[in-house]
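Chemist: Numbering (the working numbering), first residue to last: 1 to 210.
We put the CB at the ideal spot given by N, CA and C, even for glycine.
Quick caveat, the model's predicted, so the values are computed rather than measured.
Okay, here's the structure, questions in a sec.
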């Protein structure tokens, strides 16, 4: 009877120890997006990940440097939503200008052609070599072409005015500063200035100070 109690107690103690160990893992498992921590045999390495997508503008420290908690080590330039919207608008305006100028050139060509045809018909009518109906038709076509040319000119002026209007959007990029989660030494950078990075991409490996 005593032996059974001891065995049960040992199982109970083992269960409690396992529970405590699993609880410890559960408490340390969730990690922030900005850094991923891995533990090696002799030290604690921290991998710092990109908090946002963008272009690396500056490395603020050198490899091997010691930094304090919350020290800035990298600057990433990102495009805010307003800047992206502004670029889309500018592209649309440029497309509208090209379309308006193409339409203007076509209208100018048609106006020139119909005016030339009218000048050719007028003396022929006087000499009896062309009818009054042909003259009226040439005049109507020339007038219609001139009206279309005037409209095309107005559309081209409007498109150019919209393109040249100053944008009220602010700077085209914002700077995100990457900071270390604790006092550490910069083991290595995994990126370089000018590189395009994405959210969660590893940027640097740190060795935490003990």
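According to the neighbour-count rule (16 or more other Cβ atoms, all chains shown, within 10 Å of its Cβ), is residue 111 buried or exposed?
Modeler: Counting from 1 along the chain shown, the entry for residue 111 is found at position 111. Buried, since its Cβ has 16 or more Cβ neighbours within 10 Å.
Chemist: Quick one: what's got a C-beta closer than 8 Å to residue 145's C-beta in the same chain, skipping five residues either side?
Modeler: As a first step, residue 145 is located in the chain shown; it is residue number 145 there, counting from the start. Cβ within range, chain order: 107, 110, 111, 113, 114, 115.
Chemist: Go ahead and pull the three-state DSSP assignment for residue 72.
Modeler: Residue mapping note: residue 72 aligns to position 72 of the chain shown, counting from 1. Correct three-state label for residue 72: strand.
Chemist: Evaluate residue 193 with the Cβ neighbour count: other Cβ atoms within 10 Å of its Cβ, from every protein chain shown; 16 or more gives buried, anything less gives exposed.
Modeler: If you number the chain shown from 1, residue 193 lands on position 193. Under this definition residue 193 is an exposed residue.
Chemist: Return the residue from the list 49, 155, 67 that minimises the CA-CA distance to residue 184.
Modeler: As a first step, residue 184 is located in the chain shown; it is residue number 184 there, counting from the start. Closest by alpha carbon: 67.
Chemist: For residue 127, which of helix, strand or coil comes out of DSSP?
Modeler: For this step, residue 127 is matched to residue 127 along the chain shown. Residue 127 falls in the coil class under three-state DSSP.
Chemist: Secondary structure at residue 102, three-state DSSP: helix, strand or coil?
Modeler: Locating residue 102 in the chain shown gives position 102, where the first residue counts as 1. In the structure shown, residue 102 sits in a helix (DSSP, three-state: H, G or I).
Chemist: Are there 16 or more other CB atoms within 10 angstroms of the CB of residue 91, so buried, or fewer, so exposed?
Modeler: To locate residue 91, count along the chain shown from 1; it is residue 91. Residue 91 is exposed by the Cβ-count criterion.
Chemist: Cβ of residue 53 within 8 Å of Cβ of residue 74?
Modeler: Looking up residue 53 in the chain shown gives position 53. Looking up residue 74 in the chain shown gives position 74. It is not a contact, given that the beta carbons lie outside the stated cut-off.
Chemist: Which one of 100, 188, 71, 176 has the shortest CA to CA distance from residue 197?
Modeler: Walking along the chain shown from the start, residue 197 turns up at place 197. The candidate whose alpha carbon is nearest that of residue 197 is 176.
Chemist: With DSSP collapsed to three states, give me the class of residue 216.
Modeler: Here the chain has residues from 1 to 210 only, and residue 216 is not among them.
Chemist: In the DSSP assignment, find the unbroken beta strand (DSSP E) run with residue 188 in it and report its ends.
Modeler: As a working note, residue 188 is residue 188 in the chain shown. Looking at the DSSP string, the run of the beta strand (DSSP E) that includes residue 188 is 184–189.
Chemist: Determine the closest residue to residue 281 out of 104, 199, 174, with distance taken between C-alpha atoms.
Modeler: Nothing in the structure corresponds to residue 281, since the chain is present only between 1 and 210.
Chemist: Would you call the CB atoms of residue 160 and residue 97 closer than 8 Å?
Modeler: Along the chain shown, read from residue 1 onward, the residue named residue 160 stands at position 160. Along the chain shown, read from residue 1 onward, the residue named residue 97 stands at position 97. A contact, by the Cβ cut-off of 8 Å.
Chemist: Would you say residue 138 and residue 118 are within 8 Å of each other, going by their C-beta atoms?
Modeler: As a working mapping, residue 138 is identified with position 138 in the chain shown. As a working mapping, residue 118 is identified with position 118 in the chain shown. Going by C-beta atoms, residue 138 is nearer than 8 Å to residue 118.
Chemist: Pull up the DSSP beta-bridge partners for residue 66, would you.
Modeler: Position 66 of the chain shown, counted from the start, is the residue given in the question as residue 66. Answer by DSSP bridge pairing, in chain order: 185.
Chemist: Could you check whether residue 179 and residue 94 sit closer than 8 Å to each other, using their CB atoms as the reference points?
Modeler: Numbered from its first residue, the chain shown carries residue 94 at position 94. Numbered from its first residue, the chain shown carries residue 179 at position 179. Result no, Cβ atoms of residue 94 and residue 179 do not sit closer than 8 Å.
Chemist: Under 8 Å between the Cβ atoms of residue 203 and residue 190?
Modeler: Within the chain shown, the letter at position 203 stands for residue 203. Within the chain shown, the letter at position 190 stands for residue 190. Yes.
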